[in-house]
Structures are given as C-alpha cells and as structure tokens.
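Notes for the one structure printed next.
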Amino acid sequence: MMKSPATLVATVALALTTALGACGDHGALPDAARADAGFPDATIPPPVGEFPAGFLWGTAIAPYQVEGGLHASDWHQWEARCEVCSGEHADDGPDFWNRYEDDLANAAALHTGALRLGIDWSRIFPTAASFPASPDLDAVRRYHDILAAARAHGLEPMVTLHHFVTPIWLHDLEPKTAKAGWEDPAIIDAFAVWADFCAREFGAEVDWWITINEPLAYVAGGYLSGAFPPGAGLDIDRGILVVMNMIEAHARAYDALHAGDSVDADADGAPALVSIAQHMSAFRPATPGDEESERATEMLRYLLNRIFLDAVVYGALDRNFDMDTDDAGEQVDPMLAGRLDYVGVNYYRLLLGAYIGENNYPLIGLPFGNDLHQQGVDLPSTDFGWPIYAPGFREVLDEAAVYGLPIVITENGLADGDDTLRPRFLLEHLYELARAIQDGLDIRGYYHWSLIDNFEWASGYCPRFGLYHVDFESADRTRRAGEGAEVYRRIIDANTVPVELYGVYPRYPLPSTLCPRVGL
C-alpha cells in the first residue's frame, strides 16, 4: 500500500538527512568513473573527428524565462504565492519580447545556425473565451516577426509549445476558481487544438517542434518538491495522473502538428519533425553494491529517463509505474506508438539514488545531486552545486540511442555567473558528443542552454546560464558575451573540438557563487 503523504514526507526527510550527512566513501563513484570524469588537469586528449555536415549548432531560450509580460499564466500567479521562491519576478528579466533583434544578432555572432525558443500559449490565448477562434493578433504578429528575424539571421527555429507554463484559464491557482491544469483530462483535447493552431499559423516558418519540455521535471517541481505550481508536496497520485495526461497530450499534439504543418520551411523534405525535450540524467547508487540502493537507482533511471519515451516510441504505457507493462490495461497502445521523430535530450548532471526504506512504487528511491562531495564524490560543481560530469553525457546519449531515432541535444549548460567554468564545460561535453558521433550515434544537433541569462524559475536570477550575460540592473538590460561564448564559437568554426583549448582551460576553478537550489 502507498504511504500517506505525511509518512512519505517524513521518510524522504530522513533519507535526505542520512544521505547528505554521510561522509567517507559512502556514495563514492567507482575509481574508474572518477578517473574518467573529464580529462585530468593539464592533459590534452587525442583529437576527435568533425561534426557531420548540416549539424545544427544552436542555443535555447524559453518564453516565461526571457519575454516578460506573461500575466495570463499559472507561473505569474505562482510568483505571488510561492513561499520557497526567490521573490524575484520574470517581468524584471532580459525583455527578449522587445529586444529580440539584438539577441538574435548575438546568436548569429556565435556562428550558430539554430535557435530553440517557445510560443507561449497564454500570450496567444489569454482567456478561455479567446480559445481557439480569437487569438491575440498583436502577439501572433510579434511571434511571426521573431521567427522571420531568426531566419533572417540564419537561425533555424525549433519551437516549444509548453515549457512549464500553462494558461491561467486552464490552471488557475485561485482556490475559488481552481482549475486543475494537467490533472484534468480536458487539457488533452485543448493541447491538441493548441498544437493544430501553431502548426497552421507558424508551420511555414517552423519545421522543428517540441511539444512538452521536461515532463517529468514538471511533475517533480509541481507535485514532489512543491517549488513549481501547483505547489503540491509528494503528491504521488496526482503526479502520476499528470504524466499520463501529458503522454496522451503529446501523442495528440504530434498528430496535429503533422496534419497541420505541411510546409517544408527549410526544403529538407520534412515539413514537421516532432519530439519532446526529455530531461535525462546519469545515475549512480548512493551506496554502491547495496542491493536496495542499486534497485532504487535503476527505478529512478527508469522513471526519470525512460517511462515517457517508452510510451511515445513503443506505445508501452506503464500505468502503475512498476517497471513493466504486463498488468491489466497496459497493452501496447497504437495511438501512442511511433509518436516521436527524434529524441530531444536535455542533460545537466549526475544524480545519486538512495533507497528510501520500503518497497512503495513508484517512490522507492530518492535522487539527489547537490553537495556530492559529502558523499565522497570528487567532482567539480556549478553555482547551483550541481556536479559537472561530462562522461554522464555519453551515458544518456547511449541510453537515448536505444530508441533507434535521431538524437538532438535540446539543452545542455550550467549555472556559472563568472563564466570561468563554462569554457571547460563546453570542451568536455562537446568532446563527448563528438566521440559519440564518431562511434556511430545519429546526433543531429546541439542547443546550449542558454543564449542569455534568464529567470531561473523558483531560484530567480542568481543562477546565470547565459552565453551572454545580462545586466539586470541597467535600464537597457545590457548584454555582454562571456568567455564561454568565444569558446563555443571557436568549436563551431572548427566543426570539431580543438583539443589544444584543453591547455588554455586546464581545470575547473571553485565557483565563487552559490545560488539557492529551490526544488532542483
């Protein structure tokens, strides 16, 4: 029987206290993995091959994090309600909505040829009455202008339809008028209609589509940690319902995008290529060799990396999250199978898996990835405290390759306010990417997160992920290219990783900033 929420909270708190208070070799990576965690200081690796012709070099942004003015959304409501958030506001961000020309020019200056961005549902349809027949025409025109400007700068757009933010008329946090958002099956039909609108309205400018960004991260933030709306803590049943609805909504949106987008904008023979942006992590057991810790870690890998992909590639929907699909009602669903044209991978870090203490699906394990030095894991870390582990990138690429589809890295980056970690990070991660391609993996593109510093959800503006740093104190939000931008441009120009740069950036310094890690 599933534990009560109160018992789960107590159990997880105990697990965290135990795990994070440990020391010595508990949780340490195996020696071989530690030795392979990037090349040692002053070691220059062997040359690696070139990236393939037509490889998509890009950067990524998301509407709520960069645009401002998205007041018809659940996240705008959440900013005023969240008790664990930074207290900072998305409206004080980089103002991409009005400064997009400069940002697109900066993206082109990196010699990138692609940009992942989003079209915000709540901006196009700010009220229930407006959906779907009366869009905000000014907003529609502005998105057309942004897409046209991207193409004018030589940037192939990849458009995301849902990046953590839902219109308030679908997900209203006000108790008197509360609407359940992704918990309500009605959103499945609504999302398909939204996808159909975008395909028909913007399909002539867009060939690459992402339906949903990081569905499992959305659930973790909103229904486990409580740092994202609706702010539920360890509400397993509601979280599972959201995952099920998102899987079906993606499949319906996939069909709508293919039906509605008949224009091949880049003349490559494919008018629409559709995926999700799947957050994938590398995993190690907190207690290597311990049977329960190993089992819990495998469960976490399955839940966070594979359960959504299994459903939309194979049609195998694990409705009770028990790591199989042989229970009643879990037969292969042909309406879900084959609803992915490529695997979109977001990769950031290594996680350790700790056993909670009882076999209660699906929460038998607890992932944690901060302060791993307390577990005996000797890895550099970002301003978020996230461990930097480039070999894990190759691990998730191999895991994604199992699906037999092309792979696109839809996000990869780090919080680094001083821009002292990013050059080495780019070298190591892109070296792993090049080695994977050299070994035969079909990888079509890489989008670095992020083009510019932005609003990092519950943690506000302390974490700086941008290749271009934004002065949020200046009236014109001045942009400045960091050292990482120059390294990224040099890699793109060479179309390989110039290994001599390892000698220029031989090691990771200690981060000088530690940002709040709220729900992450």
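So in this note's numbering, spot 380 of the sequence shown is number 380, and the numbers just go up one at a time.
Ideal Cβ placement from N, Cα and C applies to all residues, glycine included.
The three-state reading of DSSP puts residue 354 in strand, counting E and B together. Judged by beta-carbon spacing, residue 444 lies within the 7 Å limit of residue 406, meaning their Cβ atoms are closer than that value. Here the region 57-64 lies against the region 99-118, with 3 or more beta-carbon pairs under 8 Å apart. At a Cβ-Cβ threshold of 7 Å, residue 385 and residue 517 count as neighbours.
Here residue 156 is buried. Its C-beta has 16 or more other C-beta atoms within 10 Å. Following the DSSP letters along the chain, one finds residue 389 in no alpha helix (DSSP H), marked with neither H nor E.
Sorting 368, 322, 258 and 482 by C-alpha distance to the C-alpha of residue 340 places 258 at the top. When DSSP assignments are scanned along the region 246-304, the uninterrupted stretches of beta strand (DSSP E) that are 3 or more residues long and fall wholly within it turn out to be 273-279 and 282-285. With respect to the C-alpha of residue 69, the residue from 121, 469 and 389 having the closest C-alpha is 121.
Put simply, the backbone Cα of residue 183 is about 6 Å away from that of residue 241.
With respect to residue 344, residue 408 sits close: the two C-beta atoms are nearer than 7 Å. In the displayed model, residue 433 falls within a helix according to three-state DSSP. Taking a contact to require three or more Cβ pairs closer than 8 Å, the region 71-85 and the region 153-173 qualify as touching. The alpha-carbon separation between residue 365 and residue 225 amounts to approximately 14 Å.
The C-beta of residue 381 has 16 or more other C-beta atoms within 10 Å across all chains shown, which makes the residue buried. Residues of the same chain with a CB within less than 8 Å of the CB of residue 453, apart from the 5 flanking positions on each side, are 94, 461, 464, 465, 466, 468, 469, 470 and 472 in chain order.
Our two residues, residue 96 and residue 88, have alpha carbons roughly 17 Å apart in a direct line. Under a 10 Å Cβ-count criterion, residue 398 is classified as exposed, with fewer than 16 other Cβ atoms of the shown protein chains found around its own Cβ. Runs of the alpha helix (DSSP H) spanning 4 or more residues and lying entirely within the region 162-246 occur at 186-202 and 215-219, in chain order. One Cα belongs to residue 79, the other to residue 92, and the distance between them is close to 12 Å. The Cβ neighbour count for residue 206, taken over all protein chains shown within 10 Å, is at least 16; the residue is labelled buried. Take residue 456, set aside five residues on each side of it, and the residues of its chain with a beta-carbon closer than 6 Å to its own are 463, in chain order. Short of 8 Å from the beta carbon of residue 102, and not among the five residues preceding or following it, lie these beta carbons of its own chain, in chain order: 479. Residue 381 is bridged by DSSP to 387. Only exposed fits residue 46, as fewer than 16 other CB atoms lie within 10 angstroms of its CB. The residue among 335, 99, 246 and 178 with its C-alpha nearest the C-alpha of residue 146 is 99. Boundaries of the alpha helix (DSSP H) harbouring residue 140: 137-152, taken from the DSSP string.
Nearest in C-alpha terms to residue 449, of all of 361, 165, 277 and 291, is 277. Our two residues, residue 274 and residue 234, have alpha carbons roughly 31 Å apart in a direct line.
The criterion of a C-beta distance shorter than 7 Å is satisfied by residue 387 and residue 372. Across the set 354, 311, 348 and 179, the C-alpha of 348 shows the shortest separation from the C-alpha of residue 217. The three-state reading of DSSP puts residue 367 in strand, counting E and B together.
The straight-line gap separating the alpha-carbon atoms of residue 236 and residue 311 is approximately 19 Å. Our two residues, residue 494 and residue 508, have alpha carbons roughly 23 Å apart in a direct line.
Distance from the CA of residue 297 to the CA of residue 104, rounded to the nearest whole angstrom, comes to 41 Å. If you check the CB distance, residue 246 and residue 212 come in under 7 Å.
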